[in-house]
Amino acid sequence: MKKLAIALGLCIPAFAQAQTDPSDWAAVLESAKGQTVYWNAWGGSTTTNDFIAWVGKRVEEDFGITLEHVKLTDTADAVTRVISEKEAGKDMGGAIDLIWINGANFASMKGAGLLYGPFAEQLPNWAFVDTNGKTVQTDFTVPTDGYESPWAMAQVVFMYDTADISEPLTAMEAISTWAKANPGRFTFPQPPDFLGTTFLKQALVSLTDDPQRLAEPVSDADYDTVTEPLWAYIETLTPNLWRGGEVYPQTGPAQLQLIADNEIDLAISFSPGEATAAIANGQLPDTVRTSVLEGGTLGNASFVAIPYNSSATEGAMVVANFLLSPEAQLRAQDPAILGYGTVLDMDALSETDRAAFDALELGIATLSPSELGVVLPEPHPSWMTRIAEDWNSRYGAN
Amino acid sequence: MGRSLYIRWLAIAVLVIAACVLLSGLLGVVLPAFGIFPVLGRTEPSLLFLKSALSVAGVWRAMLLSLGTGLLATALACVTTFLLLAALTRQARFNRLLELAAPLLAVPHAAAAFGIAFVIAPAGWAVRLFANLAGFDRPPDVVILNDPLGLSLVLGLVAKEIPFLLLMAVAALSQTRPAQSAKIFSSLGYGHVTGWLKVIAPQVYRRIRLPIFAVLCFSVSVVDVAIILGPSTPPTLSVLITRFMSAPDISERLIGSALAVLQFGVLLIALFAWLLFERLSSLIFKTWIGRGIRNGGQLLANAAVILVFGQMLVLAAGIVSLVVWSFAGFWSFPDLWPDQLSAKNWTRFGPEALAVLGPTLAVATVSSAVSYGLALILLNGAQKYLGFIYLALLLPQVVFLPGIANLMLAMDIGASFWAVVSVHILFVLPYMVLALYGPFNGIDPRYRSIALGLGIHPFRVFLTVTLPMLLGPSLAALAIGFAVSVAQYLPTLLIGAGRVVTITTEAVALASGGDRRVIGLYGLVQTLAAVLPFGVAIILPTAVWHNRKGMQNG
């Protein structure tokens, strides 16, 4: 059946091309029916995979859309495919319909004209989105301009093992002091891994005198001055890291294994619900809890975007819209399922939906929205690239 | 040797197609390396990116690491394989030992590396054993895995290459008439090991020289094993390339391509170094043979046997750890065993994993069968011009594949089963050819001459004389081809664009989540997909030739 659908899809690309105006939603739904949407998303998290499979089941039931999750190790592989298609002049009938994306990948695809849009703010469920309280219209300071639609909020937390650390470490300086007293028990993923770079950015944001400066692009004129506190901090911290900073975990999830192996006691995470889900999966000891920093931690949104040459643009928009529905958002926020923060504005929801969100129980290691505290905006993406490069020449190539 | 004319034309046609595909892959590397990248509006050639590649932090160290670990791993694997064969071929249970080696061969590199990592890591099984005796509950903070010199990477590579070389050597061995040689050198008073090394080893080496080159190329350019076991500050060159190719900033890909050009240079240096190494050892060997020493190899061979068994033990323990992890709940240091064992992981992921076995086996069967046919055509018709098909093995896939994807898109070949099969053939065919090259040319030409002299059509001679004599090598080649196809990740993903899902695309994506339970489970299913052909390749020749003493090994 699947093969047949694929064969048909390849034979009649002409039908798929008529990209319907997103503001004519009835027409979008009509064209979307029967389409197969290939959603390229990181496949490393089994809980996320299960959630995407559930989304597939629901859009099939309600809209007659077949959703295929193309599991990636890296969003860059999807970018590569779209670049290849653009190079070959395949401006219609592309292989990718939807990408889980944010930050630098988005900036780069949008800049190279590889995305379809604007569509996000015409989606019917956009009405529920919290555009005032949450950074859903800028992505690492880059305006989204409707070229990507948000579906989850993320915020930096630190996971710590209460068997080894009794009180949460709530300042960057406290982490460094603790590391000095407990050498070899903390590390972070090796930049340019995005979570590792996030640790550097978090340190930069927390330590700099002028966080406002980070909203503007990097400039050679003051780069050294602005980042001076960061490098002083890292210089003190590095000798006290796990393996003395000679080896780093290569990915975020690799840190979970290090905690489980009792190699480290503290790790950074970009998902407040990750620790709870990992405890349930037997990946972390149940003594792990999470904490945030006093001055606040970085937060951003996860988005979905549609490549400019998608062969199921309408289907992709319907999926993006479904992801914004209270039903999908509620499921994503449930710590037993995903524990991702919602992008919706509670005041815009119906009474029953709001009650359902209120009724969600926090997981064993998840902080409540008020405990999560201040969400700090992401610096401009150029900072990320520059400090990752700089870290690499200082510590990544001994 | 008038081979029939259309075989030649057919062979040339195959080569021309392969050349076009490879050329497009090559252009996809070379053009961006020299600054031409239309998507970013760059159409003027420039040396800027090669210059920036050379000034990437740690690039020189990365090149040295690739070169050093690759050469060391290949040399160790090669020397120990020959010593092992010298020591064991006399044993009656030799074939049984090979049967035991088959599953080790079929374990995908990445899964094997994960297994080995879990055995040797500071929080691994070996240390846990000691920790339980000594009573400490924190793993020592010492560098074993990912060591800056790449020694654990070398260990991982050697453990996986020995079974491969062993299979290749055994396939070639049957043609050297070892039993007859052994009779002669024994009657001259040579000990088995010394005699074997002096008489048979050089003949086997000549026949498996190409597979050894493949091992060298693989070891110098491997990515997955190097990420798991290799150093990271800086990593090997191929890992560095992968980092640049997956950077969000698209223009970093130009530096990635420029680094790939450097990688090509590193490979050439490695090959050149190997040729020097061959010269040198040939000189030493000749002197040793010329001295007429009858014994002395035994000690060395025994050492090699112990070494190999040690290594295989680590590898086997690694595979056992995959099994245990696939049934594990929470499992912490220093426990030797998980808190709970359950089938939970299997009931959750098992059905999905088994469901993709179908397409995996279909792609592997078709691509290895077609490659086998193509390899025979090439060996019969165009041996002189074979060299360049190995190009696909020389360059890192992550830079080489976008060019091929472009070609397929330009020809409007959509992402489909056949597109994936055809790109798999590109990587399977070279292994096939190199597995068959030595044995094919090692067949005594007199058999063929006699058959032709009897007036039999050349094609029938090929079917009834040549092919049966190639049974062992053919099955080995098919098994390797099958395993190579099963293991392809990037070609399946980039060309298949998610339309063709295999156990490996699933396994690699899930492995990026770092959960040892899932990694163990998928590693096992992957092994399952590849293990069957290896079993057949080793058992079948013995069964078929049970009444042909001269066709059996050793």
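Chains A and B supply the protein sequences, listed in that same order.
Under our numbering, the residue at position 173 of the first sequence is numbered 173, and the numbers go up by one with no gaps.
Heads up: take any position in the second sequence, counting from 1, add 1000, and you land on our numbering.
Glycine residues also receive a C-beta, built at the ideal position from the N, C-alpha and C atoms.
Residue i: first and last residue of the uninterrupted alpha helix (DSSP H) it sits in
i: B:N1406; result: 1397-1410
i: B:L1452; result: 1445-1453
i: A:K90; result: Note, A:K90: premise wrong, no alpha helix (DSSP H); not H, not E.
i: B:S1368; result: 1357-1381
i: A:V70; result: It is not in any alpha helix (DSSP H) - A:V70 instead sits in the beta strand (DSSP E) that spans 66-72.
Candidates the options, of which the one nearest residue i by Cα
i: B:L1437; options: B:L1409, B:N1406, B:L1386, B:A1419; result: A quick correction: the sequence has Tyr, not Leu, at residue 1437 of chain B. With distances taken between Cα atoms, B:Y1437 lies closest to B:L1386.
i: B:Q1354; options: B:P1231, B:R1548, B:F1244, B:T1502; result: Here residue 1354 of chain B turns out to be Leu, not Gln, going by the sequence shown. Considering only alpha carbons, the answer is B:T1502.
i: A:A163; options: A:N321, A:P192, A:R185; result: A:R185
i: B:A1556; options: A:N105, A:L195, A:A397, A:N392; result: Since the displayed chain B opens at 1001 and closes at 1554, residue 1556 of chain B lies outside it and no answer follows.
i: A:A53; options: B:E1352, B:S1332, B:N1441; result: B:E1352
i: A:D224; options: A:N321, A:T208, A:D347, A:A365; result: A:T208
i: B:T1527; options: B:M1312, B:I1319, B:I1404, B:G1373; result: B:I1319
i: B:P1473; options: B:M1312, B:M1168, B:R1253; result: B:M1168
i: B:F1427; options: B:T1347, B:L1394, B:R1138, B:Q1311; result: B:L1394
i: B:Y1431; options: B:R1279, B:V1465, B:W1274, B:S1367; result: B:S1367
i: B:G1498; options: A:T73, A:G34, A:P22, A:V28; result: A:T73
i: A:W383; options: A:D130, A:P211, A:E87; result: A:P211
i: A:L237; options: A:D261, A:T276, A:L256, A:T187; result: A:T187
i: A:L376; options: A:W39, A:E327, A:L298; result: A:L298
Extent of the continuous beta strand (DSSP E) to which residue i belongs
i: A:Q155; result: 148-155
i: A:W126; result: Element bounds for A:W126: n/a, residue is neither H nor E.
i: A:N300; result: 297-305
i: A:S291; result: 288-291
i: A:Y38; result: 36-42
Beta-carbon proximity check, residue i vs residue j, cutoff 8 Å
i: B:F1482; j: B:P1533; result: yes
i: B:F1114; j: B:I1519; result: yes
i: A:A32; j: A:W100; result: no
i: B:V1420; j: B:I1480; result: no
i: B:P1211; j: B:A1435; result: yes
i: B:V1119; j: B:S1282; result: no
i: A:M159; j: A:T342; result: no
i: B:L1216; j: B:T1074; result: yes
i: A:G315; j: A:V37; result: yes
i: B:Q1397; j: B:L1300; result: no
i: B:V1154; j: B:L1271; result: no
i: B:S1485; j: B:V1363; result: yes
i: A:T251; j: A:P272; result: no
i: A:P189; j: A:Y147; result: no
i: B:A1123; j: B:I1228; result: no
Below-8 Å beta-carbon distance, residue i vs any chain B residue
i: A:W402; result: Since the first and last residues shown for chain A are 1 and 398, residue 402 of chain A lies out of range.
i: A:D261; result: yes
i: A:F15; result: Low per-residue confidence applies at A:F15: pLDDT is 39, beneath 50, and the placement is therefore not dependable enough to give any value.
i: A:T313; result: no
i: A:K86; result: yes
i: A:R81; result: yes
i: A:V70; result: yes
i: A:T162; result: no
8 Å Cβ cutoff, residue i in contact with chain A
i: B:S1246; result: yes
i: B:P1108; result: no
i: B:F1525; result: First, the residue type needs correcting, since residue 1525 of chain B is Val and not Phe in the sequence shown. Output row for B:V1525: interface = no.
i: B:F1136; result: no
i: B:V1039; result: yes
i: B:E1044; result: no
i: B:C1020; result: no
i: B:P1139; result: yes
i: B:I1227; result: yes
i: B:R1243; result: yes
i: B:D1515; result: yes
For the stretch 242-269 of chain A, list every residue whose C-beta sits within 7 Å of some C-beta in chain B, in sequence order. W242, R243, E246, V247, Y248, Q250, T251, P253, A254, L256, Q257, A260, D261, N262, E263
When you check each C-beta in the stretch 1143-1157 of chain B against every C-beta of chain A, which residues fall closer than 9 Å? V1143, L1145, N1146, D1147, P1148
Using a Cβ cut-off of 7 Å, which residues of the stretch 1044-1070 of chain B contact any Cβ in chain A, in chain order? A1057, G1058, R1061
Please identify, using Cβ separations under 9 Å, the residues of the stretch 1327-1340 of chain B that lie next to chain A, in order along the chain. A1328, G1329, F1330, W1331, S1332, F1333, P1334, P1338, D1339, Q1340
At a CB distance below 7 Å, what residues from the stretch 294-322 of chain A approach chain B? Give them in sequence order. none
Taking Cβ-Cβ distances below 8 Å as the criterion, which residues of the stretch 132-149 of chain A are in contact with chain B? none
Taking a Cβ distance cut-off of 9 Å, strictly less, list which residues of the stretch 92-112 of chain A are near chain B, in chain order. G93, G94, A95, I96, G103, A104, N105, F106, A107, S108, M109, G111, A112
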